[in-house]
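Residue numbering for the sequence shown follows the numbering used here, starting at 3 and increasing by one per position.
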Amino acid sequence: MASPALSHFLPRFGVVAAVVSALGLAGCQSLNTQDTLPPLSGVQPLKGLAQNVSVRRNSQGMPLIESNTFHDALFSLGYVHASDRINQMVTLRLLAQGRLAEMSGPDALDVDRLMRAVNLKKSAGELYNASSPRLKRFFEVYARGVNAYLFRYRDKLPSDLAQTGYKPEYWKPEDSALLFCLLNFSESANLQEELSSLVLAQTVGADKLAWLTPVAPDEPLASSEADNLKGVNLSQISGLAALDAAIQQLRAFNSLGSTTSSNWAIAPQRSRSGKSLLANDLSSRLQTPSPWNYVQIRAPKYQAAGVSIAGLPTLFAGFNGKVAWSMSAAKGDTQDLFLEKVRRQGGALYYESNGKWLPAVVRNETFFAKGQRPIRETVYETRHGALLNSAQSLGSGYGLALQTADLKDDKSLDALFDLSRAQNASKASDATREIRAITLNMIFADASSIGWQVTGRFPNRREGQGLLPSPGWDGRFDWDGYADAMLHPYDQDPPQGWLGMANQRTAPRGYGMQLSNSWDAPERSERLAQLAGAGKHDSRSMIAMQYDQSTLFAAKLKAMFNAPGMAQPLKQAIDALPPAERAKAQEAFNRLMAFDGRLAATSGDAAIYELFLQQSTQQIFLDELGPETSAAWKAFASNAKLSYSAQADHLLGREDSPFWDDLRTPQKEDKPAILARSLAAAITAGDSQLGVDHRAWQWGKLHSYTWKNTSGQTVRGPVAAGGDHTTLNSSSYDAAQGFDTLEAPGLRMIVDFAQVEPMMGQNGIGQSGNPASPHYANGIDPWLRAQYLSFPMQLQNLEKVYGKTRLTLVPGK
Numbered sequence: 003m004a005s006p007a008l009s010h011f012l013p014r015f016g017v018v019a020a021v022v023s024a025l026g027l028a029g030c031q032s033l034n035t036q037d038t039l040p041p042l043s044g045v046q047p048l049k050g051l052a053q054n055v056s057v058r059r060n061s062q063g064m065p066l067i068e069s070n071t072f073h074d075a076l077f078s079l080g081y082v083h084a085s086d087r088i089n090q091m092v093t094l095r096l097l098a099q100g101r102l103a104e105m106s107g108p109d110a111l112d113v114d115r116l117m118r119a120v121n122l123k124k125s126a127g128e129l130y131n132a133s134s135p136r137l138k139r140f141f142e143v144y145a146r147g148v149n150a151y152l153f154r155y156r157d158k159l160p161s162d163l164a165q166t167g168y169k170p171e172y173w174k175p176e177d178s179a180l181l182f183c184l185l186n187f188s189e190s191a192n193l194q195e196e197l198s199s200l201v202l203a204q205t206v207g208a209d210k211l212a213w214l215t216p217v218a219p220d221e222p223l224a225s226s227e228a229d230n231l232k233g234v235n236l237s238q239i240s241g242l243a244a245l246d247a248a249i250q251q252l253r254a255f256n257s258l259g260s261t262t263s264s265n266w267a268i269a270p271q272r273s274r275s276g277k278s279l280l281a282n283d284l285s286s287r288l289q290t291p292s293p294w295n296y297v298q299i300r301a302p303k304y305q306a307a308g309v310s311i312a313g314l315p316t317l318f319a320g321f322n323g324k325v326a327w328s329m330s331a332a333k334g335d336t337q338d339l340f341l342e343k344v345r346r347q348g349g350a351l352y353y354e355s356n357g358k359w360l361p362a363v364v365r366n367e368t369f370f371a372k373g374q375r376p377i378r379e380t381v382y383e384t385r386h387g388a389l390l391n392s393a394q395s396l397g398s399g400y401g402l403a404l405q406t407a408d409l410k411d412d413k414s415l416d417a418l419f420d421l422s423r424a425q426n427a428s429k430a431s432d433a434t435r436e437i438r439a440i441t442l443n444m445i446f447a448d449a450s451s452i453g454w455q456v457t458g459r460f461p462n463r464r465e466g467q468g469l470l471p472s473p474g475w476d477g478r479f480d481w482d483g484y485a486d487a488m489l490h491p492y493d494q495d496p497p498q499g500w501l502g503m504a505n506q507r508t509a510p511r512g513y514g515m516q517l518s519n520s521w522d523a524p525e526r527s528e529r530l531a532q533l534a535g536a537g538k539h540d541s542r543s544m545i546a547m548q549y550d551q552s553t554l555f556a557a558k559l560k561a562m563f564n565a566p567g568m569a570q571p572l573k574q575a576i577d578a579l580p581p582a583e584r585a586k587a588q589e590a591f592n593r594l595m596a597f598d599g600r601l602a603a604t605s606g607d608a609a610i611y612e613l614f615l616q617q618s619t620q621q622i623f624l625d626e627l628g629p630e631t632s633a634a635w636k637a638f639a640s641n642a643k644l645s646y647s648a649q650a651d652h653l654l655g656r657e658d659s660p661f662w663d664d665l666r667t668p669q670k671e672d673k674p675a676i677l678a679r680s681l682a683a684a685i686t687a688g689d690s691q692l693g694v695d696h697r698a699w700q701w702g703k704l705h706s707y708t709w710k711n712t713s714g715q716t717v718r719g720p721v722a723a724g725g726d727h728t729t730l731n732s733s734s735y736d737a738a739q740g741f742d743t744l745e746a747p748g749l750r751m752i753v754d755f756a757q758v759e760p761m762m763g764q765n766g767i768g769q770s771g772n773p774a775s776p777h778y779a780n781g782i783d784p785w786l787r788a789q790y791l792s793f794p795m796q797l798q799n800l801e802k803v804y805g806k807t808r809l810t811l812v813p814g815k
């Protein structure tokens, strides 16, 4: 529906705007933090606009952009994104370019080395060049809007950016494609797992590695993948620990890193109203700002409200009045590490390929770290891709080459725009099938229909699964093109009346193509199915699902305790403990068997349950992977956060695992003995952390939310938290370390087609990334209280949400 003409409330002014300088930005220091806040009302002349544009904000600072042309809407979106999130945009761009040390200093050099090797600039160039002329114009106009902000506020940048002393460059259209490629790189699930698995293999050997690399609860161990590493002298992999540390450091810098997420849709037959519903959760670290923000646009032939990433003129999830669409991580494995045999000869580096030694391609890179002289280094490339450990003075030994999907003919950016304009579920389905550059679960709906599509570009591997690094010298493990997009899993209007994704395995064993082996624990998706498949639904039940804190893993744990082959041996193992330990173990066992699985912040049984999970992790694995400061333990913890964990795998099965034996004792332990110890240790740890009055124990006293800024300073918290990584209302923590919440749903959206205004949402932290803004963290309280804001589509309802106060952007000269 086209917006009405805006000229009746947008005054025209013949104000001359300053001309954008070609000499770069100068003077980033701000004397008054309030000066760094662009006005929310009044008139702002900007060169590049054709007509006046209105920008109104709701109570949490989320913008409504009203324009007479789509060109002006995109320009204004660039200006608004920069106004809200310029520090985030600049930081992510530098990260993607491998230039973060220019702003952050030499501590970021290892991350920069990694990102230069990954070479997202090349991928972004392929993606941008493959886009349509229409899409390129959109990105060019958006970039001009960003630059209008950068010029106007070059002396009044937000304090956290100004204090770095870094002078941001102007935004290029290709920079938006670069951020999209960073998002794509971050969403691929397996690179960090492969590196961490090599670190683990250096400690336990290839023979035991498969026990630490579970794929899914009903899948056999990946022994054949681990067998590929047998015979490889893992100590000859140069700089592996440093590279693994750089990958983990990258996750700390990268707010777009792969996280838990969920989306689901309810078909009309399961809806109270007879019309569809859709919901979406996108998790993020508890850091200001979150990667996501809301924006609403009204222009002729285009109106939509939804989820954006500052720096990208794209809505990844949203509603346009006819169609709602949403996304969650598909956990696609579209990156493979190859072990390459390398050797030096005459100053050049060679690598082996099918019995021949080939010269590595040389790429020279220069790094500029703040406060240091330039550093010149070489990146070497093989037929599989760049060697990620090029900076480690490679000689004779092994390099690690990263292969990623090429994007030369990719139309994903066009497809995402087409999706936001789709007028029915069928058109949305057509658009999602064309998204190849990123692996997502896209769920979409109109009032009478729902659908799901897995997007991405998945390699066909000649042999192996790519779960662990493959021998690069053997062509048997090479890629052979990509899976036919028609094989990507999809569904539309299923008989069960709902569709839902929570990063679980979406392709059954034996499926005709390989999506991944890095699925999350299945309990969130199982709980989603349990709730979605029960009764009739409305927006209230959608909210209840988004805030649900029940775990199904507790019932599985109790079933394991009661299993015929476990119940009696476990009782005997508890009875064999010293009296004080026996009493503790029995108390923990009794409390766990009575636990209902509700991980409420106030629950004492939930505290004991989570303490048991933590202590069992240490009892099973720490003897071989510790101490807790070791690279192996950190690698183990890292992998446990990324997919189905060895901890859960061992608790529910794996009685024959060698890790049940505690190498620190002369006798050989079995699973019941370690479980009995873990039960007692849970009470001991609780006494230490929560006090000796067990009736006063609460899960939220161990587990809390604390929001921090990019410098690590606390913005809000601690606030008692419920849930964990297995609950729909996800609240993950590091099972190998402590209980502090690492990630939580940072943005939520619900679309109920039965409502007059179907869309509502919440941004869990704040719209603005400027610490001086009142909208920097004012989304936290509504998030804690389950309060949602409406995103109205009808003209007569806009004022109720967005008010009358507006900033009028006018053409400048």
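Just so you know, even glycine gets a beta-carbon here, dropped at the ideal spot from N, CA and C. On a predicted model such as this, the values are computed, not experimentally measured, just so you know.
- If L288 sits next to T708, beta carbons under 8 Å apart, how far is it from one beta carbon to the other, in whole angstroms? 6 Å
- Message: Given this structure, state the Cα-to-Cα distance separating L1 from M762, to the nearest angstrom.
- Response: What the structure shows of the chain is the stretch from 3 to 815, and residue 1 is not part of that stretch, so it cannot be assessed.
- Quick one, are the C-beta atoms of D550 and L533 less than 8 Å apart? yes
- Buried or exposed: where does S237 fall if 16 or more other Cβ atoms within 10 Å of its Cβ makes it buried? exposed
- Query: If you scan the stretch 424-480 from start to end, which runs of the alpha helix (DSSP H) of 4 or more residues do you find wholly inside it?
  - Reply: 427-434
- Of the residues K277, F741, C183 and H696, the one placed nearest K410, counting alpha carbons only: C183
- Enumerate in chain order the residues of its own chain whose CB-to-CB distance from L554 is below 6 Å, with the five nearest sequence positions on each side excluded. E525, E528 and R529
- With 16 other Cβ atoms within 10 Å as the buried cut-off, status of V812: buried
- Indicate whether A306 and G320 have their beta-carbon atoms separated by less than 8 Å. yes
- Query: Can Q617 and S680 be called in contact, C-beta distance under 8 Å?
  - Reply: yes
- In this structure, what does DSSP give as the bridge partners for S264? D283
- Message: Looking at P674: is its Cβ nearer than 8 Å to the Cβ of A556?
- Response: no
- Item | Nearest-angstrom Cβ-Cβ length linking W266 and L501, presumed shorter than 8 Å | 6 Å
- Report the three-state DSSP secondary structure of Q31 (helix, strand or coil). Because Q31 carries a pLDDT of 36, less than 50, the predicted location of this residue cannot be relied on, and the following value inherits that uncertainty. Of the three classes helix, strand and coil, the one that applies to Q31 here is coil, per DSSP.
- Item | Through-space distance from A504 to N230, alpha-carbon basis | 31 Å
- Using the Cα positions of G702 and F369, report the straight-line distance between them to the nearest angstrom. 45 Å
- Item | Short Cβ contact (8 Å threshold) for I440 with V297 | no
- Query: Which runs of the alpha helix (DSSP H), 4 residues or longer, sit entirely within the stretch 714-791?
  - Reply: 782-786
- Mind listing, in chain order, the continuous alpha helix (DSSP H) runs of no fewer than 4 residues lying wholly within the stretch 64-104? 72-99
- Message: Taking contact to mean 3 or more Cβ pairs, one atom from each stretch, closer than 8 Å, check whether the stretch 54-64 and the stretch 735-743 are in contact.
- Response: no
- Check whether F419 and L601 have beta carbons under 8 Å apart: no
- Query: To the nearest whole angstrom, what separates the beta carbons of S520 and N192, a pair I think is in contact under 8 Å?
  - Reply: 5 Å
- Message: Helix, strand or coil, according to DSSP, for N295 in the structure here?
- Response: strand
- Message: By the three-class DSSP mapping on this structure, what secondary structure does T384 have?
- Response: strand
- Item | Distance between beta carbons of T336 and S198, contact taken as under 8 Å | No, S198 and T336 are not in contact; Cβ-Cβ is about 18 Å, not under 8 Å.
- Classification of K277 by the beta-carbon crowding that lies within 10 angstroms, buried from 16 upward: buried
- Task: Can you grab the Cα-Cα spacing for the pair Q620 / A393, in whole Å?
- Result: 35 Å
- Item | Whether P747 touches L258 by CB criterion (8 Å) | no
- Message: So N391 and G241 are supposed to be a Cβ contact under 8 Å. How far apart are they, rounded?
- Response: 5 Å
- Query: For the stretch 569-595, which segments carrying the alpha helix (DSSP H) assignment without a break, of at least 4 residues, lie completely within its bounds, in sequence order?
  - Reply: 569-577
- Message: Looking only at its chain, what residues have a beta carbon closer than 7 Å to the beta carbon of F614, apart from the 5 residues adjacent to it on each side?
- Response: A590, L594, S680, L681 and A684
- Item | Burial state of R14 (16 or more Cβ within 10 Å) | At R14 the pLDDT is 31, less than 50, meaning the model places this residue with poor confidence and gives no usable figure here.
- Query: Bridge partners of P302, per DSSP?
  - Reply: None, per the DSSP bridge assignment.
- Query: Apart from the five residues just before and just after C30, which ones in its own chain have a Cβ nearer than 6 Å to its Cβ?
  - Reply: In this prediction, C30 scores a pLDDT of 36, lower than 50, which makes its location untrustworthy; the coordinate-derived value is nonetheless stated afterwards. Cβ neighbours of C30 beyond the five flanking positions: L159, A164 and K169.
- Query: Any idea which residues DSSP pairs K358 with across the strands?
  - Reply: S355
- Per-residue burial, R697 [other beta carbons within 10 Å of its own, 16 or more giving buried]: exposed
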